[in-house]
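Protein chains in written order, with this note's numbering: chain A, 159 to 400; chain B, 159 to 400. Cβ coordinates follow ideal geometry from the N, Cα and C atoms, glycine included. As the structure is a prediction and not an experimental result, all values here were calculated from the model. Worksheet for the structure shown next.
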DNA sequence: ACCCCTATTCGACTTTCGACGAATCTCGCA
DNA sequence: TGCGAGATTCGTCGAAAGTCGAATAGGGGT
């Protein structure tokens, strides 16, 4: 898959050396003050000369960028007031194409990560990362690399788990689909049989086929699987952020 | 509206004074190491004698509580690996009814907050809170108060449908909650019996009680109901968290 | 002490579920 | 026309689920 917007190179103060007496400017944009502080400390321990600004809302971030355009790096949390999902990143990339953005997120869903990279982020750092790992990641990115969590296969499938399920679902026959939907309503075999106008034994046969095709072992697990697909329609972690 | 499970009083080392030479024990359960650290610092500056343990997963939290039952307070993030939404809180309140729990969450939806309180949390602290506000909140809660963000109207009603269900859920005994959560994982009675170390007949009795209390007629319908509570909590802001 | 209520446990019995085998039917293809 | 694959249908039988009654144990209240 192609990157849709190329991530800008991170070369603060073009023409100067990379490691010595630079005054890095970076902005931490996150609506959790405590986390902002922790992140600031983590970064401060990494770089000598660094000017870190904090933004708690997207408006603050924009204001900072307006007033001081030459920022070397933005650490952006996608879940900020005034921004939903990727809008913030998209807006950033559109308005300030020259400013590298690292997405710092509580969401570590591979699909979300890949989408961030597609939108031109210079890196993705999950909040679940430890301090040390986070530092090395940031320094790698500052060095020009593109860093993402190691276990993320950017070329891989969006969601292997649910894709697998979807594939299995697709093998269901029409009648089996009807039965599965009735299962998901909590109906008994007997009730399903009546509604479909067939015998209970037939329903049982359909249920058996469904269980086999979905790779589960009970009607309850089948219902759980079906529910996951329903919920899974929304890209990622509905019930994730807490 | 009544609190359906009373939050336990926070009076560590009963019989001793409240403010002097107490050794508070508390656990910070959050899957973001950086945030855990920041939260630890915030609390450490608040209390003199305090023993803070950290847990990055729900299993770690359980292990800590198992090994050291007399914990004075748990700061719990609802979005941890191994827990979905309120399950973690419900399970905590079922397994360790005597341990006060403060929910620390990035989600500041009033409905979610109220539901946390309904499930017996001793307080709710949004991650968007500043350090100072967070400290005063925690100290208030340690003092026995119930603290929630000021703008939350705890007296308001949730949507009638799920409120009904919530009320029914709250009548479940601790053991019944455990069984219900295992039902929601698609386990057989036999498997549940083994994990709980009781006979299968006992599990059946619990299931029967659950069905009656939830007003449903089969285990399948029970897990559907439970899933609705979990899912219904995040009505919109679907793709919000990034 | 007593009683009452609830939680938790369990065994016996009935109902439902689910696997297995098999029959019928449909449809596409040779 | 005949043939074969898959969908749909059904009966049977062992296993799982669920109901009922009951025993035990702890916790308030009087």
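In this structure, how does DSSP classify residue 342 of chain A when only helix, strand and coil are distinguished?
Coil at residue 342 of chain A, not helix or strand.
For residue 191 of chain B, does the count of other Cβ atoms within 10 angstroms reach 16, so buried, or fall short, so exposed?
buried
Measure the CB-CB distance between residue 260 of chain B and residue 287 of chain B and report whether it falls below 7 Å.
Against a cut-off of 7 Å, the Cβ pair of residue 287 of chain B and residue 260 of chain B comes out as no contact.
Complete runs of the alpha helix (DSSP H) confined to the stretch 225-254 of chain A [at least 4 residues]
245-253
Is the beta carbon of residue 225 of chain A sitting closer than 7 Å to the one on residue 212 of chain A?
no
Cβ-based burial, residue 252 of chain A [other Cβ within 10 Å; buried from 16]:
It is exposed - the Cβ of residue 252 of chain A has fewer than 16 other Cβ atoms within 10 Å.
Buried or exposed (CB count within 10 angstroms, at least 16 for buried), residue 379 of chain A
buried
So which of B:322, B:333 and B:345 has the shortest CA-CA distance to residue 374 of chain B?
B:322
Which whole-angstrom value describes the C-beta separation of residue 230 of chain A and residue 183 of chain A, a residue pair presumed to lie in contact below a C-beta threshold of 8 Å?
5 Å
Enumerate in chain order the residues of its own chain whose CB-to-CB distance from residue 292 of chain A is below 7 Å, with the five nearest sequence positions on each side excluded.
200 and 283
Using CA atoms only, rank isn't needed, just tell me which of B:347, B:248 and B:364 is closest to residue 388 of chain B.
Minimum Cα distance to residue 388 of chain B is reached at B:248.
Quick one, are the C-beta atoms of residue 189 of chain A and residue 238 of chain A less than 7 Å apart?
yes
Which of helix, strand or coil DSSP assigns to residue 399 of chain B
Confidence is the limiting factor: at residue 399 of chain B the pLDDT is only 36, short of 50, which leaves the residue's position unreliable and the question unanswerable from this model.
So which residues of chain B does residue 250 of chain A contact, with C-beta pairs closer than 7 Å?
Under the 7 Å cutoff, chain B gives no residues; its nearest Cβ is about 12 Å from residue 250 of chain A.
Residue 212 of chain A - partner residues in DSSP beta bridges
A:186
Short check: CB of residue 262 of chain A to CB of residue 228 of chain A, under 7 Å?
Taking the C-beta atoms as reference points, residue 228 of chain A is found no nearer than 7 Å to residue 262 of chain A.
Residue-chain proximity (residue 368 of chain A, chain B), Cβ-Cβ < 7 Å:
No, its Cβ sits nowhere closer than 7 Å to a Cβ of chain B.
Provide the residue span of the beta strand (DSSP E) that contains residue 281 of chain A, from first to last.
Counting along the chain, the unbroken beta strand (DSSP E) around residue 281 of chain A starts and ends at 281-284.
Quick one: what's got a C-beta closer than 6 Å to residue 298 of chain B's C-beta in the same chain, skipping five residues either side?
The residues are 305.
Kindly list, in the order they appear in chain B, the residues whose Cβ is closer than 7 Å to that of residue 327 of chain A.
Correct list: empty, because the minimum Cβ distance to chain B is about 17 Å.
Classify residue 261 of chain A as helix, strand or coil using the three-state DSSP reduction.
DSSP places residue 261 of chain A in strand when its eight states are reduced to three.
Other residues of its chain near residue 326 of chain B: CB distance less than 8 Å, five sequence neighbours each side excluded
371, 372 and 373
Outcome for residue 258 of chain A when other beta-carbon atoms lying within 10 angstroms are tallied against a minimum of 16
Taking a 10 Å sphere around the C-beta of residue 258 of chain A, we find 16 or more other C-beta atoms and assign the residue as buried.
Rounded to whole angstroms, what's the CA-CA distance from residue 358 of chain B to residue 352 of chain B? Just pull it up for me.
8 Å
So if I threshold CB-CB distances at 9 Å, which residues from the stretch 350-383 of chain A count as touching chain B?
374, 375, 376, 377, 378, 379, 380, 381, 382 and 383
Let me see if you follow: with CB-CB separation under 7 Å, is residue 215 of chain A close to chain B or not?
no
Test item: CB-CB of residue 334 of chain A and residue 296 of chain A under 7 Å:
no
Under 7 Å Cβ-Cβ, which residues of chain A neighbour residue 288 of chain B?
191
Run through chain A and tell me which residues come within less than 7 Å of residue 197 of chain B, C-beta to C-beta.
192
Are residue 223 of chain A and residue 187 of chain A close, meaning C-beta to C-beta below 7 Å?
no
With burial defined as no fewer than 16 other Cβ atoms inside 10 Å of the residue's Cβ, what is the status of residue 355 of chain A: buried or exposed?
exposed
Interface partners of residue 285 of chain A on chain B, CB under 9 Å
189, 190, 191, 192 and 193
Look at the alpha carbon of residue 209 of chain A and the alpha carbon of residue 270 of chain A, and state the distance between them as a whole number of angstroms.
29 Å
Give me the Cα-Cα distance between residue 179 of chain B and residue 214 of chain B, rounded to the nearest whole angstrom.
Confidence at residue 179 of chain B is low in this model, with a pLDDT of 44, below 50, so the placement of that residue is unreliable and no value is reported for it.
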